[in-house]
Amino acid sequence: ETGVTQTPRHLVMGMTNKKSLKCEQHLGHNAMYWYKQSAKKPLELMFVYNFKEQTENNSVPSRFSPECPNSSHLFLHLHTLQPEDSALYLCASSPQGDRLRDNEQFFGPGTRLTVL
Amino acid sequence: SQQGEEDPQALSIQEGENATMNCSYKTSINNLQWYRQNSGRGLVHLILIRSNEREKHSGRLRVTLDTSKKSSSLLITASRAADTASYFCATDQRGSYIPTFGRGTSLIVHP
């Protein structure tokens, strides 16, 4: 266990559904990340939150909406997704977003999302 | 944009052999990290090497860094079937704390 949990582990949804992914970290970290991992593609950074403030939005379509109510929780709200959005969505945390410090990331197990 | 590139893309060896994976990157870095991912799971941090370090060890893992060549290698000695996984390098470009991941090397260790 890495100290980062994600729910649900698997999700199947239609294109008109609205669902949310949840991530929780028990490590006292201040930076949290959403990544998308598709087959045969590099890990894609989606969003970064540092001390609850969004610091990165990597040109992600608006059908993905992140929310970070506190430093321990991160959500990814999904609506009107497309089949090409099917992927493994990974959450990660790190002590803080600071380029002067080592930035080891701790990942959750991921949510396997299938969009029909 | 992708910073690190692992080589080879896939590696298949017998248990007990050593496995070597390489990572090349493009710009100056603060540090380089190696991660492991079992199929369909999250990534697990293995080792971090700073730009002023040349070699680092952790158990059966040995990581080297050559900043002049902008490359790193991960050596797993006396491999086991349980080492079967994908291995990723991640680099942070100077001025950014966010690591960028490569496509990974898929390692299969046959028992």
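So the protein lines, in turn, are chains A and B. Residue numbers for the first sequence follow the working numbering, so the first one is 2 and each next one is one higher. Residue numbers for the second sequence follow the working numbering, so the first one is 13 and each next one is one higher. For glycine and all other residues, C-beta sits at the position ideal for the given N, C-alpha and C.
State buried or exposed for Glu18 of chain B, treating a residue as buried only when at least 16 other CB atoms are found within 10 Å of its CB.
Along the second sequence, read from residue 1 onward, the residue named residue 18 of chain B stands at position 6. Buried is the call here.
Give the interface partners of Glu105 of chain A over in chain B, defined as CB-CB distance under 8 angstroms, in chain order.
Reading the first sequence from its first residue, position 104 is the one you call residue 105 of chain A. Going along chain B in sequence order, the residues near Glu105 of chain A (Cβ under 8 angstroms) are Gln45, His57 and Leu60.
Please report whether the beta-carbon of Tyr37 of chain B lies at a distance below 8 angstroms from any beta-carbon of chain A.
The count along the second sequence starts at 1 and reaches residue 37 of chain B at position 25. For Tyr37 of chain B, the answer is no, since every Cβ of chain A falls outside 8 angstroms of its Cβ.
For Gly109 of chain A, which residues in chain B fall below 8 angstroms Cβ to Cβ?
Position 108 of the first sequence, counting from 1, holds the residue named residue 109 of chain A. What Gly109 of chain A touches in chain B: Gly54.
What span of residues does the beta strand (DSSP E) with His57 of chain B cover, start to end?
The sequence position of residue 57 of chain B within the second sequence is 45, counting from 1. Leu55 to Arg62 is the span of the beta strand (DSSP E), which, as asked, contains His57 of chain B.
If Ser98 of chain B sits next to Thr117 of chain B, beta carbons under 8 angstroms apart, how far is it from one beta carbon to the other, in whole angstroms?
The sequence position of residue 98 of chain B within the second sequence is 86, counting from 1. The sequence position of residue 117 of chain B within the second sequence is 105, counting from 1. Sure, about 7 angstroms apart at Cβ, within 8 angstroms.
What is the C-beta distance between Tyr50 of chain A and Cys24 of chain A, in whole angstroms, given that I count them as a contact (C-beta under 8 angstroms)?
On the first sequence, position 49 is the one that residue 50 of chain A refers to. On the first sequence, position 23 is the one that residue 24 of chain A refers to. Not really, about 10 angstroms apart at Cβ, beyond 8 angstroms.
Assuming contact is defined by CB atoms lying nearer than 8 angstroms, are Leu79 of chain A and Lys19 of chain A in contact in what I supplied?
Against the first sequence, residue 79 of chain A aligns to sequence position 78. Against the first sequence, residue 19 of chain A aligns to sequence position 18. Yes, the pair counts as a contact, with Cβ atoms nearer than the cut-off.
List, in order along the chain, the chain A residues whose C-beta lies closer than 9 angstroms to that of Gly71 of chain B?
Within the second sequence, the letter at position 59 stands for residue 71 of chain B. Correct list: empty, because the minimum Cβ distance to chain A is about 17 angstroms.
What is the DSSP secondary structure of Glu17 of chain B, counted as helix, strand or coil?
As a first step, residue 17 of chain B must be located in the second sequence, where it is residue number 5. Note: Glu17 of chain B maps to strand in three-state DSSP.
Within 8 angstroms (strictly less), CB to CB, does Pro20 of chain B reach chain A?
Walking along the second sequence from the start, residue 20 of chain B turns up at place 8. For Pro20 of chain B, the answer is no, since every Cβ of chain A falls outside 8 angstroms of its Cβ.
Per DSSP, Cys24 of chain A forms a beta bridge with which residues?
The count along the first sequence starts at 1 and reaches residue 24 of chain A at position 23. According to DSSP, which records beta bridges pairwise, Cys24 of chain A is partnered with A:Gln7 and A:Leu75.
Please classify Asn58 of chain A as buried or exposed, where buried requires at least 16 neighbouring CB atoms within 10 angstroms.
In the first sequence, residue 58 of chain A corresponds to position 57, counting from 1. Under this definition Asn58 of chain A is an exposed residue.
Would Pro43 of chain A and Phe113 of chain B qualify as a contact pair, given that the criterion is a beta-carbon distance under 8 angstroms?
Here residue 43 of chain A refers to the residue found at position 42 of the first sequence. Here residue 113 of chain B refers to the residue found at position 101 of the second sequence. In contact: Pro43 of chain A and Phe113 of chain B (Cβ atoms closer than 8 angstroms).
Give me the DSSP bridge partner(s) of Pro121 of chain A.
Absent from the model: residue 121 of chain A. The displayed extent of chain A is 2 to 117, so no value can be given.
Would you report the Cα separation of Met33 of chain B and Pro20 of chain B, rounded to the nearest angstrom?
The count along the second sequence starts at 1 and reaches residue 33 of chain B at position 21. The count along the second sequence starts at 1 and reaches residue 20 of chain B at position 8. Roughly 7 angstroms separates the two Cα atoms.
Would you kindly work out how many angstroms separate the C-alpha atoms of Lys82 of chain B and Thr8 of chain A, rounded to a whole number?
Position 70 of the second sequence, counting from 1, holds the residue named residue 82 of chain B. Position 7 of the first sequence, counting from 1, holds the residue named residue 8 of chain A. Distance between the alpha carbons of Lys82 of chain B and Thr8 of chain A is about 38 angstroms.
Quick check on Ala102 of chain B: does DSSP put it in helix, strand or coil?
Numbered from 1 along the second sequence, position 90 holds the residue referred to as residue 102 of chain B. Ala102 of chain B: strand per DSSP, three-state reduction.
Report yes or no: is there a C-beta of chain B within less than 8 angstroms of the C-beta of Leu75 of chain A?
Counting from 1 along the first sequence, the entry for residue 75 of chain A is found at position 74. Taking Cβ atoms only, chain B never reaches closer than 8 angstroms to Leu75 of chain A, which makes this a no.
Do Gln26 of chain A and Ser94 of chain A have their beta-carbon atoms positioned less than 8 angstroms apart in this structure?
Residue 94 of chain A sits at position 93 when you count from the first residue of the first sequence. Residue 26 of chain A sits at position 25 when you count from the first residue of the first sequence. Against a cut-off of 8 angstroms, the Cβ pair of Gln26 of chain A and Ser94 of chain A comes out as a contact.
For Gly16 of chain B, which residues from the same chain have a beta carbon less than 6 angstroms from its beta carbon, with the 5 sequence-adjacent residues on both sides left out?
Indexing the second sequence from 1 puts residue 16 of chain B at position 4. Excluding sequence neighbours, Gly16 of chain B sits near Cys35, Tyr37, Cys101, Thr103 and Gly114.
For my contact list, Ser63 of chain B and Asn43 of chain B are in at a C-beta cut-off of 8 angstroms; report their separation, rounded to the angstrom.
Taking the second sequence and counting its residues from 1, the one referred to as residue 63 of chain B is at position 51. Taking the second sequence and counting its residues from 1, the one referred to as residue 43 of chain B is at position 31. At roughly 6 angstroms, the Cβ-Cβ gap stays under 8 angstroms, so Ser63 of chain B and Asn43 of chain B are in contact.
Please tell me whether Arg113 of chain A has its Cβ less than 8 angstroms away from any Cβ of chain B.
The residue you call residue 113 of chain A lines up with position 112 of the first sequence. By this cut-off, Arg113 of chain A is an interface position.
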